[in-house]
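Engineer: The structure under discussion is supplied below as structure tokens; questions concerning it will follow.
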Amino acid sequence: MKQSSTLLAALLAAAAVVAQEGNISGPTTSKDAMHYSCDPSSCKLPDCNCASTSPPGGLSKDVVPQFILFTADDAVQDYTIDALNQVLKGRKNPNGCPVQMTYFAQIQYTNMSRVTEWFVAGNEIADHTMTHEGDPQSDQIVGNLAALNAFAGVPQSALSGFRAPYLNYTNAMLQRIAAAEFTYDSSSTSSVPVTDPNTDAFWPYTLDHGLANDCLTLQCGTSGPAIKGLWEIPMYAIFDDKGAAGPHLMDPWLDAEQMGDTSKVLGWMQNAFTDHYKNAQRQPFGIYTHPIHFASSVPGQAPQPQVVKAINDFLNWAQPQQPNGANLTSGGTGTSDDTSSPTPSDPYRPFNAAAAQLVNAVALGAAAFGATLFAL
Ligand SMILES: [Zn+2]
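Read left to right, the sequence shown gives residues -19 to -1, 1 to 357 (mature numbering (1 follows the signal peptide of the UniProt record, and there is no 0)).
If you want it as structure tokens, here you go:
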């Protein structure tokens, strides 16, 4: 009896920690702390890309798709996959292909057969350490890769992304990620609204000239290490009625619930999306989840239909907004010389040379957008 009480307490403690993962309460960077400089004439795609609020490759925002980055973190279980299917199953990109997302998976408490299935269905599997350790050492990082490969059959070549548990990362950890030959990290935070002149909502960038996010806690730019060729995909916050003073990052529905009304989160997401898409430079928009929080089949946990509804309402509202002709698919389905006009049967081919350039950059591993998501 004593043992089971102890176990229960431990589980509750773990749940409390998870619930806090990814919370932020204010800006995590400032222009003064950034110390960032990068010359786009020497830092060029596909190997290098400066941190910039503008789309990569000198593209106009008008030819760039609005990406939605949909991610899930932690253990992979029947109930987490069921949760994701409640909002993603049957949903398609404009070109008719199923949407894809990225699961940052740990091996602890994970059902490897579900990892295999999720990967085979076209989703990305990425690394979240073996046992969910903050600021992880190399054995936690590389051990997880080996396990996902050996037990879930995910090819090593497909395991290219990393997110630090608790978003607890350091400059040294980024160097470990680079040494392990990852393509990208996605642990940093964009915490200043995309419409603010001092926003840190940068398009994904390489760390050749250092970090440009989280500079109030980490060494950025010329103050920190430069890591050649490793991509950083910031996690883009959304904001509540308090604007810049009210950022929310992961699982924003939990924050809304604590503020007394889960339905508020739909408005927060819609306002932020509109800012990204119409009022800024179409920097990617993020939906960062721990699926357990809206799973309907977790023993002892009540279903969360209001959260499922908020996510579905958001996606149903956001997806149709962008006119067909301006869209691309994620994942690099085009090529650099594919510059012909779209046709009715295939309206999402790159519709001009500039758009094709972006797709080509993605195909070359420039980012990270390809990692995941779906384009509207
Ligand atoms: Zn986690």
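For each residue, glycine too, the CB sits at the ideal point set by N, CA and C.
I believe L197 touches S11 by the beta-carbon criterion, under 8 Å. Please report the beta-carbon distance rounded to the nearest angstrom.
Structural biologist: Here residue 197 is taken as the residue at index 216 of the sequence shown, counted from 1. Here residue 11 is taken as the residue at index 30 of the sequence shown, counted from 1. Confirmed, Cβ separation roughly 6 Å.
Engineer: Classify N30 as buried or exposed, calling it buried when 16 or more other Cβ atoms lie within 10 Å of its own Cβ.
Structural biologist: For the purposes of this step, residue 30 is taken as residue 49 along the sequence shown, with counting starting at 1. Buried, by the Cβ-count rule.
Engineer: With 16 as the cutoff for other CB atoms within 10 Å, does T187 come out buried or exposed?
Structural biologist: Position 206 of the sequence shown, counted from the first residue, corresponds to residue 187. Looking at its Cβ environment, which holds 16 or more other Cβ atoms inside 10 Å, T187 is buried.
Engineer: DSSP three-state label for I88, please.
Structural biologist: By 1-based counting over the sequence shown, the position of residue 88 is 107. Here I88 sits in coil by DSSP.
Engineer: Ignore the nearest five residues each way along the sequence and tell me which others in P21's own chain have a CB closer than 6 Å to its CB.
Structural biologist: For the purposes of this step, residue 21 is taken as residue 40 along the sequence shown, with counting starting at 1. The answer, listed in chain order, is C31.
Engineer: Just how far apart, CA to CA, sit Y165 and V57?
Structural biologist: The sequence position of residue 165 within the sequence shown is 184, counting from 1. The sequence position of residue 57 within the sequence shown is 76, counting from 1. Going by the C-alpha atoms only, they are around 21 Å apart.
Engineer: Return the chain-ordered ranges of every beta strand (DSSP E) run that is complete within the region 78 to 159 and spans a minimum of 3 residues.
Structural biologist: 83 to 86, 105 to 108
Engineer: Looking at R144 and H190, is the spacing between their C-beta atoms short of 7 Å?
Structural biologist: Position 209 of the sequence shown, counted from the start, is the residue given in the question as residue 190. Position 163 of the sequence shown, counted from the start, is the residue given in the question as residue 144. No, they are not a contact pair.
Engineer: Which residues in the same chain as S141 place their Cβ atom closer than 7 Å to its Cβ, once the five residues preceding and following it in sequence are excluded?
Structural biologist: Start at 1 with the first residue of the sequence shown, and residue 141 comes out as number 160. Cβ neighbours of S141 beyond the five flanking positions: F163, T164, Y165.
Engineer: For Y90, is the classification buried or exposed, using 16 other Cβ atoms within 10 angstroms of its Cβ as the cut-off for buried?
Structural biologist: Looking up residue 90 in the sequence shown gives position 109. Exposed, because fewer than 16 other Cβ atoms sit within 10 Å of the Cβ of Y90.
Engineer: Got a sec? Which residues, its chain only, sit under 6 Å from G115 by beta carbon, not counting five neighbours each side?
Structural biologist: For the purposes of this step, residue 115 is identified with residue 134 of the sequence shown, where counting begins at 1. Excluding sequence neighbours, G115 sits near P146, Y147, N149.
Engineer: If you compare alpha carbons, which of W249, Y60, Q302 is closest to A218?
Structural biologist: To locate residue 218, count along the sequence shown from 1; it is residue 237. A218 has its Cα closest to that of W249, out of W249, Y60, Q302.
Engineer: Where E238 and K290 are concerned, what is the direct C-alpha to C-alpha distance, given to the nearest angstrom?
Structural biologist: Along the sequence shown, one-based indexing puts residue 238 at 257. Along the sequence shown, one-based indexing puts residue 290 at 309. Distance between the alpha carbons of E238 and K290 is about 14 Å.
Engineer: Closer than 8 Å is the cut-off here; do at least three beta carbon pairs connect the region 217 to 235 with the region 274 to 291?
Structural biologist: yes
Engineer: Counting along the chain, where does the beta strand (DSSP E) carrying A53 start and finish?
Structural biologist: In the sequence shown, the residue the question calls residue 53 occupies position 72. Per DSSP, A53 belongs to the beta strand (DSSP E) from 48 to 55.
Engineer: Rounding to the nearest angstrom, what Cα-Cα distance links L230 and H274 in this structure?
Structural biologist: Position 249 of the sequence shown holds residue 230. Position 293 of the sequence shown holds residue 274. In a straight line, the C-alpha of L230 is about 14 Å away from that of H274.
Engineer: Who's in the neighbourhood of ligand 1, going by beta-carbon under 5 Å from any heavy atom, listed in chain order?
Structural biologist: This criterion selects D54, D55, P146.
Engineer: Report the residue from V135, G38, H257, S33 whose alpha carbon sits nearest the alpha carbon of P27.
Structural biologist: Residue 27 sits at position 46 when you count from the first residue of the sequence shown. Cα-wise, what sits closest to P27 is G38.
Engineer: According to the neighbour-count rule (16 or more other Cβ atoms, all chains shown, within 10 Å of its Cβ), is W298 buried or exposed?
Structural biologist: Start at 1 with the first residue of the sequence shown, and residue 298 comes out as number 317. By the 10 Å Cβ count, W298 comes out exposed.
Engineer: If you draw a straight line from the C-alpha of A276 to the C-alpha of S23, how long is it?
Structural biologist: Start at 1 with the first residue of the sequence shown, and residue 276 comes out as number 295. Start at 1 with the first residue of the sequence shown, and residue 23 comes out as number 42. Straight-line Cα distance between these residues: approximately 47 Å.
Engineer: Could you tell me whether the Cβ atoms of L155 and I214 are closer together than 7 Å?
Structural biologist: For the purposes of this step, residue 155 is taken as the residue at position 174 of the sequence shown. For the purposes of this step, residue 214 is taken as the residue at position 233 of the sequence shown. No. Outside cutoff.
Engineer: Note down the Cα distance separating T34 from W184, rounded to an integer number of angstroms.
Structural biologist: As a working mapping, residue 34 is identified with position 53 in the sequence shown. As a working mapping, residue 184 is identified with position 203 in the sequence shown. Between T34 and W184, the C-alpha separation is close to 6 Å.
Engineer: Which partner residues does H229 have in the DSSP bridge list?
Structural biologist: Here residue 229 refers to the residue found at position 248 of the sequence shown. Answer by DSSP bridge pairing, in chain order: I219.
Engineer: Assuming M82 contacts A102 (C-beta within less than 8 Å), just tell me the rounded distance between them.
Structural biologist: As a working mapping, residue 82 is identified with position 101 in the sequence shown. As a working mapping, residue 102 is identified with position 121 in the sequence shown. The distance from the Cβ of M82 to that of A102 is about 10 Å, inconsistent with a contact at the 8 Å cut-off.
Engineer: Short of 8 Å in beta carbon distance, which residues of its chain neighbour A225, apart from the five on each side in sequence? Order them along the chain.
Structural biologist: The sequence position of residue 225 within the sequence shown is 244, counting from 1. Result list for A225: P8, V173, P174, D177, in chain order.
Engineer: When you compare the CB positions of A127 and Y17, do they come within less than 7 Å of one another, or not?
Structural biologist: Taking the first residue of the sequence shown as position 1, residue 127 is located at position 146. Taking the first residue of the sequence shown as position 1, residue 17 is located at position 36. For A127 and Y17, no; Cβs fall outside 7 Å.
Engineer: Using DSSP bridges, identify the partner residues of G267.
Structural biologist: Numbered from its first residue, the sequence shown carries residue 267 at position 286. Answer is L50.
Engineer: Is the beta carbon of I106 sitting closer than 7 Å to the one on A86?
Structural biologist: As a working note, residue 106 is residue 125 in the sequence shown. As a working note, residue 86 is residue 105 in the sequence shown. Yes. Within cutoff.
Engineer: Starting from the Cα of I268, find the closest Cα among F295, S244, D242, Q262 and give me that residue.
Structural biologist: Counting from one through the sequence shown, the residue named residue 268 turns up at place 287. Looking at the Cα atoms, F295 is the closest of the given residues.
Engineer: Considering only DSSP beta bridges, list what K73 is partnered with.
Structural biologist: Position 92 of the sequence shown, counting from 1, holds the residue named residue 73. Answer is P79, bridged to K73.
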